[in-house]
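Numbering (our numbering), first residue to last: 345 to 760. A virtual CB, placed ideally from N, CA and C, is assigned to each residue, including glycine. Values in this document were obtained by computation on a predicted structure and should not be read as measured data. Working notes for the structure below.
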Amino acid sequence: MTEPDVLVIGAGAAGIAAARAVQAAGRSVLVLEARGRVGGRAVTDHRLGLPFDLGAAWLHNAEDNPLVPLAREIGLTLADSDALRQERTLVGDRPANAAELAAYDEAWDRFQHAVAARIAAGGPDVSVAEAVPRGGAWDATVAAWQGDIIAAAPLDRVSLADFAATALDGRNLVVEAGIGTLLARLAEGLPIRLSAPVERLAWGGDRAVAEGGFGTIRARAVIATLPSSLLAAGTLRFDPPLPAELLQAARDLPLGQVAKVAFRGAAALGLPDFSSIDCQVAPGEALVAMNARPFGRDLLACHVGGDAAAALEAEGDAALEAFMRAEVARRFGHRAAQALAPDPIVTTWQRDPMARGVYSYARPGRASARGILAQPLAGGRLCLAGEACHARLAGTVGGAWQSGMVAAETALAALR
Ligand SMILES: Cc1cc2nc3c(=O)[nH]c(=O)nc-3n(C[C@H](O)[C@H](O)[C@H](O)COP(=O)(O)OP(=O)(O)OC[C@H]3O[C@@H](n4cnc5c(N)ncnc54)[C@H](O)[C@@H]3O)c2cc1C
């Protein structure tokens with residue numbers, strides 16, 4: 345097909361959702377995907393002989409996540425991560441005692457209240473770090489969770505207004521077969537051309553023209569789902585260039601960093617299924633969040649985020665693996681660390697040229713950037729979509745999916 349009604353650039357969650365919606369409306373669609381696979385930042389790896397999500401792993405906000413009913417429809421098993429989770433918090437190498445756990449809970453509550461109070465008070469947007477408590481025994485640990493692990497960036501770089509608007513609530517579900525598997529299933533049957541990076545998009549005329557190694561494709565409307573990091577870097581040449589305000593919005597929504605290392609050999613840790621293990625950290629110390637034995641599998645996944653993730657990933661896979669093994673040794677002893685199998689999976693999202701990071705956060709004062717990025721261009725014949733465009737569910741697969749649906753509606757209306 346050389347002239348579809350709608351051309352979709354990118355076969356991640358937003359692109360797959362958009363393509364399905366265009367098809368369902370009876371219009372022709374073609375998806376061009378730069379990678380040799382679908383799913384984008386949601387991909388399930390099987391190198392360890394069991395499914396492991398390199399990117400998205402939880403279906404957040406389950407009650408209004410469009411992927412939850414879709415997963416059920418195609419018969420995938422979902423589990424309630426919140427109900428099954430077995431939490432363990434350590435102080436050094438010992439479990440936190442009851443008084444420490446109570447203090448930890450209070451620190452979480454104080455954090456939430458401080459965010460809500462500052463938002464309610466109004467005034468100019470500030471960084472999250474400026475609004476929340478610090479100095480208490482557990483404040484740095486809560487800040488590391490909320491910043492490095494959840495927002496994927498330190499809280500002094502994150503807009504409070506955007507952080508509050510995009511806060512996750514509701515239940516968190518996990519997909520037994522993996523979220524990447526879910527997306528791949530939802531992409532089945534769509535006209536997707538893989539290994540087809542779009543290098544130039546001319547969108548000024550009555551037909552948009554996409555060019556790359558695949559040749560030239562004309563379309564009446566285009567939905568471009570590149571991560572904001574790539575829009576800001578100009579990896580796809582838009583002709584005419586994207587409006588300055590929109591480019592600035594992409595720059596104001598950088599992608600944070602998270603690195604994961606997944607080991608087999610978790611049995612030696614003696615942990616129950618669906619374990620979640622964290623540890624008190626001091627200000628500036630990297631927090632490693634660990635998940636063990638999901639669905640009873642012999643798996644330990646270790647996550648680090650923010651600047652520590654960026655620095656370790658830049659050092660290389662061996663450095664990340666050594667860092668995580670040392671953390672396992674500190675928490676569970678050297679024998680447990682040695683029992684972890686060699687050749688773990690180490691993620692490389694920062695180095696990935698089609699992502700350059702994990703998901704977007706807004707810079708302080710720039711919470712409005714998501715709305716700007718989502719503004720249709722050329723009367724709806726060019727729409728940007730993706731997680732960064734969603735004002736409420738940014739940073740999630742559910743948000744990316746919904747953003748793709750909205751863009752498809754806009755593009756379809758422009759065809760009428
Ligand atoms: C480590 C990590 C953990 C995460 N954890 C969670 C989680 O637990 N829950 C959750 O909901 N979300 C999570 N996310 C976020 C979630 O994965 C993303 O928000 C979502 O997948 C983004 O979808 P998207 O369609 O917006 O972008 P992408 O998935 O990035 O899709 C964009 C696609 O465009 C392609 N592309 C780029 N440039 C071009 C070009 N020039 N031509 C053609 N194609 C191009 C890319 O290859 C890519 O496939 C996580 C992400 C990571 C990386």
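Please find out if some non-hydrogen atom of ligand 1 comes closer than 7 Å to the beta-carbon of residue i.
i, result
"R379", "yes"
"P541", "yes"
"P587", "no"
"I567", "no"
"Y705", "no"
"R385", "yes"
"T691", "yes"
"A358", "yes"
"A400", "yes"
"G730", "yes"
"P571", "yes"
"A415", "no"
"G557", "no"
"V741", "yes"
For residue i, does the three-state DSSP call read helix, strand or coil?
i, result
"H457", "helix"
"A464", "helix"
"H678", "helix"
"T754", "helix"
"L504", "helix"
"T388", "strand"
"F396", "strand"
Across which residues does DSSP place residue i in a beta bridge pair?
i, result
"P439", "L434"
"E555", "R544, T560"
"F607", "L644"
"V690", "V605"
"A406", "DSSP lists no partner for A406."
"M698", "Per DSSP, none; premise fails for M698."
"I567", "V352, C727"
Starting from residue i and walking both ways along the beta strand (DSSP E), at which residues does that stretch end?
i, result
"V412", "Counting along the chain, V412 falls outside any beta strand (DSSP E), though it belongs to the alpha helix (DSSP H) covering 411-417."
"G356", "Element bounds for G356: n/a, residue is neither H nor E."
"L517", "517-519"
"A488", "Run containing A488: none in the beta strand (DSSP E); it sits in the alpha helix (DSSP H), 483-488."
Find the nearest neighbour of residue i within the set the options, judged by alpha-carbon distance.
i, options, result
"L512", "D483, N405, E555, V435", "N405"
"F507", "S372, A496, L374", "A496"
"M634", "A626, P627, G649", "G649"
"L534", "G359, V542, A744, A683", "G359"
"L398", "R675, C733, L580, V605", "V605"
"V382", "G356, G628, V373, L717", "G356"
"S573", "A699, G709, T388", "A699"
"W489", "R416, I689, H647, E731", "H647"
"G723", "Q601, R501, E753", "E753"
Which residue marks the beginning of the alpha helix (DSSP H) containing residue i, and which one marks its end?
i, result
"L422", "Unbroken run through L422 is the beta strand (DSSP E), 422-424; no alpha helix (DSSP H)."
"G370", "Segment: none, G370 is in no alpha helix (DSSP H) and carries neither H nor E."
"A528", "523-531"
"D651", "650-659"
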